[in-house]
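Notes follow once the structure below has been shown.
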Amino acid sequence: MPLEKAQVEHIAHLARLKLSPDELEKLTLEMAVIIDYFEQLQMVDTDGVEPRDQFITAENVFRDDTVRPSLKQGQALGNAPESDGKFFHVPKVIG
Amino acid sequence: MPDYKNLTATQITAMVTSGELSAVDLAEKALDLARTEGKGLNAFISLCEDKALEQARAVDTAIKQAQPVGPLAGVPVALKDNICYTGSLTSCGSHILDGFVPPYDATCAARLVDAGAVIIGKTNMDEFAMGSSNETSYYGPAKNPVGENLVPGGSSGGSAAVVAQRIVPISFGSETGGSVRQPAAFCGVYGLKPTYGSISRYGLVAFGSSLDQIGPLARNAEDLALAYQVTCGRDPNDSTSVAFDHPDYTGEIDTDRKFTIGVPKEYFAEGLDPEVEAAVRDAMAVLEKDGHKVTDISLPLTDKAIAIYYIVACAEASSNLARFDGVRYGLREGRDKELAQMYSETRAAGFGDEVKRRIMLGTYVLSSGYYDAYYLKASKVRELLRREFERTFEEVDLIISPATPTPAFKFGEKLDDPLAMYLSDMYTAPANLAGIPGISTPYGRVGDGRPVGVQFLAGHFNELSLFQIVRILERLA
Chain A
1 MPLEKAQVEH IAHLARLKLS PDELEKLTLE MAVIIDYFEQ LQMVDTDGVE
51 PRDQFITAEN VFRDDTVRPS LKQGQALGNA PESDGKFFHV PKVIG
Chain B
1001 MPDYKNLTAT QITAMVTSGE LSAVDLAEKA LDLARTEGKG LNAFISLCED
1051 KALEQARAVD TAIKQAQPVG PLAGVPVALK DNICYTGSLT SCGSHILDGF
1101 VPPYDATCAA RLVDAGAVII GKTNMDEFAM GSSNETSYYG PAKNPVGENL
1151 VPGGSSGGSA AVVAQRIVPI SFGSETGGSV RQPAAFCGVY GLKPTYGSIS
1201 RYGLVAFGSS LDQIGPLARN AEDLALAYQV TCGRDPNDST SVAFDHPDYT
1251 GEIDTDRKFT IGVPKEYFAE GLDPEVEAAV RDAMAVLEKD GHKVTDISLP
1301 LTDKAIAIYY IVACAEASSN LARFDGVRYG LREGRDKELA QMYSETRAAG
1351 FGDEVKRRIM LGTYVLSSGY YDAYYLKASK VRELLRREFE RTFEEVDLII
1401 SPATPTPAFK FGEKLDDPLA MYLSDMYTAP ANLAGIPGIS TPYGRVGDGR
1451 PVGVQFLAGH FNELSLFQIV RILERLA
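Just so you know, the protein sequences line up as chains A and B, in that order. When the count follows this note's numbering, it moves up by one through the first sequence with no breaks and lands on 95 for the last residue. When the count follows this note's numbering, it moves up by one through the second sequence with no breaks and lands on 1477 for the last residue.
Laid out in structure tokens, this is it:
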């Protein structure tokens, strides 16, 4: 199944990645080759197989709901590109 | 000081503990090497000079005051730059984390410091651990000490290079599909990918959460076991870490036990370099002569591992890397634009080509209409692969194979062909998919001097057998 450029553009939008026209061109070709390679899995019979997301432990981990030390506000904001010392600043969302 | 470069971690800690060597002198020596030889190899992204000397002074003081010190007292150690460590930059080899200084320590780093280790620096890596050659690092690739036109492997290329160059006796890397074992093989050092859940991932910047595992690198089996011993074990901060009653790895590393070792025919198929194959077959013959049983086995799903791996790893990466959006840390571009544009421009400027490719692939395989065909299907085949290993380890103690299909390749050789690069993980990725431990041990060299890595795989939490077999091979070689 050939991959359409429009599809790749849609995926880029979902991934919040701005692609240059060159990148879009290149990725369309590269992704098509790799996705084609993925197709070989269709040949494996997986009827009745349940996937698992935990390979070692499948038990829930409980702990008491007690207050523990956590990051101070200044530490949490310390790496922010923009903050006012109280909040992370982002561009205005509502007009 | 005795020749620092020839000292093992086990020797260093004994000499520091007895007062024969000063931790500060050792730290200064390691930092000096890092600034000179390390710089030549581009192996470090940053050094932790002040903090390292502070830690070393604390070790020396404790010894002078006859206080107990840990099992890595005074040992200089390096950490891959995706392991959070307070007071130093943690870049993940990416532009998008410019200036990021973690506000907390990874559990692995904290355990090392508690054990008396002295963390001297953060090593170069493929961006977000995505790569097999170190060439995707924003900081330029680390070089292989074996030859400067050779890649050190990846993604933990810097961690392998600093151990091979003997700047530190122990380093830590991380694996998602072979990122410790493959560079260990390329640089001629020992590398362990532990059982999933055995070393806490708290503070390891996430790539593929169901696959990621921190692992040590060293110059010999005993140091590798020591590094693992200190860092493994349950951590309340990582709910996937397992409470397992670990044996005394260094104490039990010498054994008279004779192992049954399986040779999977699929790991010796097309694409394997004949000189690498010859070295691995030589290791098999040496072990057989020593009384171990070497027997043919089959793991039919092996050739599906790379397809499963890239679907699962990219899917998980696309989700994990969503957090890099220019809000809480690192780079921000498009400051005067709308929020969504700020996100996409920050990510466009901050991520390199390989990371973008994997985010795109991951987003694609998880997107509406494709999830069942790719991610769900891959998860099911992954479960079959896990069962295949489970059945195999009912019959054999260990599996032997090459760690990589070829020795270290040259810079630029595979950079333009993503699929060829991905296939260099074909012998390592199955262990990550199944969650089992694997080790790469240097064994011989090909004609032009490039090292060969022999890989052993074992069942879950059977790291002891891995240390024992590489110790046996180390003695016989």
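Glycine included, C-beta positions come from ideal geometry on N, C-alpha and C.
Residue 1445 of chain B - partner residues in DSSP beta bridges: B/1451, per the DSSP bridge assignment.
Do residue 88 of chain A and residue 1101 of chain B have their beta-carbon atoms positioned less than 8 Å apart in this structure? Cβ atoms of residue 1101 of chain B and residue 88 of chain A: not closer than 8 Å.
Going by DSSP, what residues sit across from residue 1410 of chain B in a beta bridge? Bridge partners of residue 1410 of chain B: B/1150.
Per DSSP, what kind of secondary structure is residue 1350 of chain B in: helix, strand or coil? In this structure, residue 1350 of chain B counts as helix in the three-state DSSP scheme.
Could you spell out the range, first to last residue, of the beta strand (DSSP E) harbouring residue 1218 of chain B? First-last of the beta strand (DSSP E) with residue 1218 of chain B: 1213-1218.
Which ranges does the alpha helix (DSSP H) cover as unbroken runs of at least 4 residues, wholly within the region 1015-1074 of chain B, from first to last along the chain? Counting only runs that start and end inside the region 1015-1074 of chain B, the alpha helix (DSSP H) elements of at least 4 residues fall at 1023-1033 and 1049-1064.
Could you have a look at residue 49 of chain A and say whether DSSP puts it in helix, strand or coil? In the structure shown, residue 49 of chain A sits in coil (DSSP, three-state: anything other than H, G, I, E or B).
Please determine, among A/41, A/81, A/86 and A/49, the residue with the shortest C-alpha to C-alpha distance to residue 73 of chain A. Just measuring C-alpha positions, the residue of A/41, A/81, A/86 and A/49 sitting nearest residue 73 of chain A is A/86.
Does the beta carbon of residue 67 of chain A sit closer than 8 Å to a beta carbon anywhere in chain B? No, residue 67 of chain A lies away from the interface with chain B (no Cβ there is under 8 Å from its Cβ).
Take residue 1305 of chain B and list the residues in its own chain whose beta-carbon comes closer than 8 Å to its own, dropping the five residues that flank it on each side. Correct list, in chain order: 1385, 1426, 1429, 1430 and 1433.
Which of helix, strand or coil does DSSP assign to residue 1118 of chain B? Residue 1118 of chain B: strand per DSSP, three-state reduction.
If you draw a straight line from the C-alpha of residue 1177 of chain B to the C-alpha of residue 1455 of chain B, how long is it? Between residue 1177 of chain B and residue 1455 of chain B, the C-alpha separation is close to 14 Å.
By alpha-carbon positions, which one of B/1098, B/1154, B/1465 and B/1001 ends up nearest to residue 1397 of chain B? Ranking B/1098, B/1154, B/1465 and B/1001 by Cα distance to residue 1397 of chain B puts B/1465 first.
Could you give the DSSP three-state label for residue 1108 of chain B: helix, strand or coil? Reduced to three states, the DSSP call for residue 1108 of chain B is helix.
State the Cα-Cα distance for the pair residue 1273 of chain B and residue 1405 of chain B, rounded to the nearest angstrom. The straight-line gap from Cα to Cα measures roughly 6 Å.
Which residues of chain A have a Cβ atom closer than 7 Å to the Cβ of residue 1313 of chain B, listed in chain order? One finds nothing in chain A with a Cβ atom closer than 7 Å to the Cβ of residue 1313 of chain B; even the nearest lies about 12 Å away.
Using the beta-carbon of each residue, which ones in chain B are nearer than 8 Å to residue 50 of chain A? Correct list: 1380 and 1383.
What residues from chain A crowd round residue 1407 of chain B, counting only those whose CB sits closer than 7 Å? Residues of chain A passing the Cβ test: none, with the nearest at roughly 24 Å.
Going residue by residue through the region 1350-1436 of chain B, where are the continuous beta strand (DSSP E) segments of at least 3 residues, counting only ones entirely within it? Correct list: 1398-1402.
Return the CA-CA distance between residue 41 of chain A and residue 1229 of chain B, expressed in angstroms with no decimal places. When rounded, the separation of the alpha-carbon atoms in residue 41 of chain A and residue 1229 of chain B is 38 Å.
Would you kindly report the start and end of the unbroken beta strand (DSSP E) that includes residue 1315 of chain B? Run containing residue 1315 of chain B: none in the beta strand (DSSP E); it sits in the alpha helix (DSSP H), 1305-1320.
When the distance is taken between beta carbons, is residue 1179 of chain B closer than 8 Å to residue 1156 of chain B? Yes, the pair counts as a contact, with Cβ atoms nearer than the cut-off.
Does the region 1192-1205 of chain B touch the region 1232-1246 of chain B, meaning 3 or more C-beta pairs lie closer than 8 Å? By the criterion of at least three beta-carbon pairs nearer than 8 Å, the region 1232-1246 of chain B is in contact with the region 1192-1205 of chain B.
Is it right to say residue 38 of chain A is buried, meaning 16 or more other beta carbons lie within 10 angstroms of its own, or is it exposed? By the neighbour-count rule (16 or more Cβ atoms within 10 Å), residue 38 of chain A is buried.
Excluding the 5 residues flanking residue 1268 of chain B on each side, which residues of the same chain have their C-beta closer than 7 Å to its C-beta? Answer for residue 1268 of chain B: 1277, listed in chain order.
I'd like to know whether the C-beta of residue 2 of chain A is nearer than 8 Å to at least one C-beta of chain B. Not closer than 8 Å to any Cβ of chain B, the Cβ of residue 2 of chain A fails to qualify, so no.
Are there 16 or more other CB atoms within 10 angstroms of the CB of residue 1144 of chain B, so buried, or fewer, so exposed? By the 10 Å Cβ count, residue 1144 of chain B comes out buried.
Beta bridge counterpart(s) of residue 1080 of chain B as assigned by DSSP: Beta-bridge pairing by DSSP links residue 1080 of chain B to B/1123.
Can you check the region 1243-1308 of chain B for any beta strand (DSSP E) of at least 3 residues that lies completely inside it and give the ranges in chain order? The region 1243-1308 of chain B contains these whole beta strand (DSSP E) runs: 1260-1264 and 1293-1297.
Rank B/1264, B/1442 and B/1038 by C-alpha distance to the C-alpha of residue 1296 of chain B and give the top, closest one. Per the C-alpha coordinates, the member of B/1264, B/1442 and B/1038 positioned closest to residue 1296 of chain B is B/1264.
Any C-beta of chain A under 8 Å from that of residue 1347 of chain B: Residue 1347 of chain B counts as touching chain A.
From residue 50 of chain A to residue 1308 of chain B, what distance separates their C-alpha atoms? Taking the straight line from one Cα to the other gives about 15 Å.
Please list, in chain order, the residues of the region 1255-1285 of chain B that have any C-beta partner in chain A closer than 9 Å. Result list empty, no residue passes.
Between which two residues does the alpha helix (DSSP H) holding residue 1228 of chain B run? In this chain, the alpha helix (DSSP H) harbouring residue 1228 of chain B covers 1221-1231.
Does DSSP put residue 1343 of chain B in a helix, a strand or coil? The answer is helix: DSSP assigns residue 1343 of chain B an H, G or I state.
What does the Cβ neighbour count give for residue 1131 of chain B, buried or exposed, with the cut at 16 atoms within 10 Å? Here residue 1131 of chain B is buried. Its C-beta has 16 or more other C-beta atoms within 10 Å.
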